[in-house]
Amino acid sequence: RSTTVRNIDDSIDNIEEDDEDDVVDLAANSLLNKLIRQSLVESSHHVEVLQKDPSSPLYSVKTFEELRLKEDLLKGIYAMGFNRPSKIQEMALPMMLAHPPQNLIAQSQSGTGKTAAFVLAMLSRVNALELFPQCLCLAPTYELALQTGRVVEQMGKFCVDVQVMYAIRGNRILRGTDITKQIVIGTPGTVLDWCFKRKLIDLTKIRVFVLDEADVMIDTQGFSDHSIRIQRALPPECQMLLFSATFEDSVWRFAERIIPDPNVIKLRKEELTLNNIWQYYMLCEHRKDKYQALCNIYGSITIGQAIIFCQTRRNAKWLTVEMIQDGHQVSLLSGELTVEQRASIIQRFRDGKEKVLITTNVCARGIDVKQVTIVVNFDLPVKQGEEPDYETYLHRIGRTGRFGKKGLAFNMIEVDKLPLLMKIQDHFNSSIKQLNAEDMDEIE
Ligand code: ADP
């Protein structure tokens, strides 16, 4: 009878899992990353450059001074704590600041310095004495537009006469008033409205056009078309820049349609590996048993910081309640929270204020928490049809080779899930050792 109960249990879990998968939200993930990111993401890859004119010399800079920026702008950059250009900025900045202006398509994972680069380009091309929009930046959501605006404000802190305006829904402009701010950041729908219907922005006066987060943009219905309509009305001498964290074919096709004669810069994403990870599994009878196994290793996992993954929201919640009742200090990162609430939990975790984070896949996707040395799969990641989800397994546990520390991974496995674990082991050609409660000395 207990099996029947569990089957029902499982099927409820699966339904919830579907629900949760629906809320994977690229824009929210991107915002979350921005809210919690404090420094550059390192990369061991080289920047790949494809010049529109391969015969022209290729410049790169190692310092911000070499860019001959306005004094006030340089001051702003240093005030932000930037000492030298990031990897992508070394190549991108000379192209973006060249005379005559060059168009650019740039792709690199989030956190590599793209936003800072195009904000710098906008600030350096703006004429503070001219009181009309000269730089236009499109972003996929209101919140992402605000984040970029904050960077403009910080970097432009000493460029006192340069101002930002947000073209976002709800930002009302009285009829007959002119926009006197030089930099406009907004979402495609509202920008379109402001340009064509309300004639608040004269697109023929735009010098720099930025399309940020192109991958998120094309994911949103209508945004590609809006962006293209805006781009078509720009003057030929306007500089056009497009940025994306990923580069699927669809992004590339869109980028080529919207950016004429581009230079292309790419920084490949660091590959994840399981090489530096010790992987273990503990064989359990059922959920309570898994919980007991987790409690057995709890002392060891809290030496460092740990993330515990559950397959469903419901399981994550259950586990959190159980652990708190048993006096363990854990926090739950759940899909029901707002992006800001999630950011603040991750921030506390990063600051070491929390040692153990319980979460689900969806919630943790796209977030890298480098100092986590211990990962617990309370549930194995599976796809529908009882196949292991290899990609998610790698994503949860894997580290980037050069920058990753050594790590520990524990899998709590119900007996009937053992074949799945073996498939994972074969797939990655790496060994996952069985651990009995008595063997804990081995890992310490
Ligand atoms: P992306 O747009 O690619 O996600 P950002 O421009 O937002 O990257 O940069 C990621 C983080 O690194 C931000 O906190 C930003 O302030 C910081 N950053 C950007 N460029 C530099 C630099 N040259 N030196 C130090 N920090 C930088």
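Under my numbering, the very last position in the sequence shown is 448; numbers go up by exactly one each time. In this text, a Cβ means the ideal position worked out from N, Cα and C, and glycines have one as well.
**Asked** Gly115: which of Gln296, Leu271, Gly303, Pro423 sits nearest, CA to CA?
**Response** Nearest in C-alpha terms to Gly115, of all of Gln296, Leu271, Gly303, Pro423, is Leu271.
**Message:** Between which two residues does the beta strand (DSSP E) holding Leu44 run?
**Reply:** Counting along the chain, no beta strand (DSSP E) covers Leu44, and no H or E run does either.
**Asked** Do you know how far the Cα of Gly303 is from the Cα of Gln429?
**Response** As the crow flies, the alpha-carbon of Gln429 is around 26 Å from that of Gly303.
**Asked** At a cut-off of 7 Å, is Gln93 close to the ligand ADP when judged by its beta-carbon and the heavy atoms of the ligand?
**Response** Placement of the Cβ of Gln93 at a distance of less than 7 Å from at least one heavy atom of the ligand ADP is found.
**Asked** How would you call His50, buried or exposed, if buried means at least 16 neighbouring beta carbons within 10 angstroms?
**Response** exposed
**Item:** Proximity to Ala110 [Cα-Cα], best of Met169, Glu260, Gly80
**Value:** Glu260
**Request:** On a CA-only basis, which of Leu384, Ile210, Lys209 is nearest Gln283? Give me that one, please.
**Result:** Leu384
**Request:** Compute every distance between the C-beta of Lys437 and the non-hydrogen atoms of the ligand ADP, then say whether any falls below 7 Å.
**Result:** no
**Prompt:** Quick one, which of Gly190, Trp322, Pro240 has its alpha-carbon nearest Ile210's?
**Reply:** The shortest Cα separation from Ile210 among Gly190, Trp322, Pro240 belongs to Pro240.
**Item:** Boundaries of the alpha helix (DSSP H) in which Gln351 is found, first to last residue
**Value:** 343 to 354
**Request:** Check whether the Cβ of Lys421 sits closer than 7 Å to any heavy atom of the ligand ADP, and report yes or no.
**Result:** no
**Item:** Leu44 CB to nearest heavy atom of the ligand ADP below 7 Å
**Value:** yes
**Prompt:** Apart from the five residues just before and just after Gln315, which ones in its own chain have a Cβ nearer than 6 Å to its Cβ?
**Reply:** Result list for Gln315: Asp383, in chain order.
**Message:** Given 7 Å as the limit, tell me if Gly115 has its C-beta closer than that to any heavy atom belonging to the ligand ADP.
**Reply:** yes
**Val188 burial status per 10 Å Cβ neighbour count (16 or more: buried)** = By the 10 Å Cβ count, Val188 comes out buried.
**Asked** If Leu77 sits next to Leu35, beta carbons under 8 Å apart, how far is it from one beta carbon to the other, in whole angstroms?
**Response** At roughly 26 Å, the Cβ-Cβ gap does not stay under 8 Å, so Leu77 and Leu35 are not in contact.
**Request:** Entirely within the segment 126 to 156 and at least 3 residues each: give me those beta strand (DSSP E) ranges in chain order.
**Result:** 139 to 142
**Prompt:** Using a threshold of 7 Å, is the CB atom of Phe86 nearer than that to any non-hydrogen atom of the ligand ADP?
**Reply:** yes
**Prompt:** Nearest-angstrom Cα distance between Ser64 and Met95?
**Reply:** 5 Å
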